[in-house]
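First up is the structure itself, then whatever we jot down about it.
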Amino acid sequence: MATITLKGNEIHTNGNLPAIGSKAANFTLVANDLSRKSLTDFEGSRVILNIFPSVDTGTCATSVRTFNKTAAELENTNVLCISRDLPFAQARFCGAEGIENVIMLSDFVSGSFGDTYGLNIIDGPLEGLNSRCIVVLDTDGTIIHTEQVSETVDEPNYEAALNALK
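All the letters of the sequence shown, read from the start, carry residue numbers 2 to 167 under our numbering.
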């Protein structure tokens with residue numbers, strides 16, 4: 002269990018992020034067009050998992066915008082933005098913001114992604130949502146960088162995530 006905060010108040014996740022050097026667990030999530038996407042769909046490319054509670058909050062929206070801007074410049078890299086938001090909300094946000102370089106995926110069906118990756122918030126006002134995390138994978142699905150953002154309202158360390166790809 003990881004201890005994080007929400008505006009200084011302690012909350013917890015159901016586990017800890019997977020270890021650097023381990024293989025990323027496969028998952029199936031729902032895309033904005035309601036199709037199913039699995040990690041295996043991205044085999045052979047590097048992957049940044051930008052995970053957050055809800056695209057309808059300022060910090061979450063900023064992380065999607067930031068990765069959308071940098072994703073266009075990344076070679077052989079997919080940025081997957083993952084939350085428990087409904088695909089309709091994700092699509093609305095992307096349309097309104099002109100988001101085209103990242104792939105929005107929803108864990109709304111079962112929350113199994115958050116459970117498997119140890120980042121499901123288990124108490125406090127955001128209970129049931131994903132905590133703010135970054136997981137970076139190399140082309141064979143090995144985890145090369147992780148970040149569990151300790152204060153939920155803070156942005157992730159974008160530079161560290163991008164440097165892991167160098």
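C-beta: ideal position from N, C-alpha, C; glycine also.
Three-way DSSP call (helix, strand, coil) for residue i in this model
i, result
"Ser113", "helix"
"Ser55", "coil"
"Arg93", "helix"
"Ser23", "coil"
"Leu163", "helix"
"Val31", "strand"
"Ser140", "Sequence inspection shows Thr at residue 140; the Ser mentioned does not correspond to that position. Note: Thr140 maps to coil in three-state DSSP."
"Leu40", "helix"
"Val48", "strand"
"Glu74", "coil"
"His157", "The amino acid at residue 157 is misidentified as His; the sequence shows Pro. In the structure shown, Pro157 sits in coil (DSSP, three-state: anything other than H, G, I, E or B)."
"Glu98", "helix"
Beta bridge counterpart(s) of residue i as assigned by DSSP
i, result
"Gln149", "Cys134"
"Ile122", "Thr14"
"Ile104", "Leu81"
"Thr6", "Glu11 and Glu152"
Identity of the residue in the options nearest residue i by Cα
i, options, result
"Ser112", "Glu128, Gly99, Glu101 and Val103", "Checking the displayed sequence, the identity of residue 112 turns out to be Gly instead of Ser. It is Glu128."
"Ser55", "Thr41, Val48 and Val65", "Val65"
"Asp34", "Ser23, Gly96 and Asn27", "Gly96"
"Asn27", "Thr78, Ser36, Leu40 and Ile21", "Leu40"
"Ala92", "Phe43, Met105 and Leu81", "Met105"
"Ile21", "Thr140, Asn131 and His146", "His146"
"Thr78", "Ile122, Cys134 and Asp139", "Asp139"
"Thr58", "Gln149, Asn164, Val103 and Val154", "Val154"
"Asn158", "Ile135, Lys167 and Thr14", "Ile135"
"Ser23", "Asn102, Glu76, Ile144 and Thr71", "Ile144"
8 Å Cβ cutoff met for residue i and residue j
i, j, result
"Gly115", "Ile12", "no"
"Gly142", "Gly16", "no"
"Ile100", "Asn51", "no"
"Ala161", "Ile49", "no"
"Phe53", "Arg133", "yes"
"Ile122", "Leu130", "yes"
Residue burial classification, residue i (beta-carbon count within 10 angstroms, cutoff 16)
i, result
"Met2", "exposed"
"Ile5", "buried"
"Leu87", "exposed"
"Asp108", "buried"
"Ala73", "exposed"
"Ser84", "buried"
"Val137", "buried"
"Lys38", "buried"
"Asn10", "exposed"
"Cys103", "The amino acid at residue 103 is misidentified as Cys; the sequence shows Val. Buried, by the Cβ-count rule."
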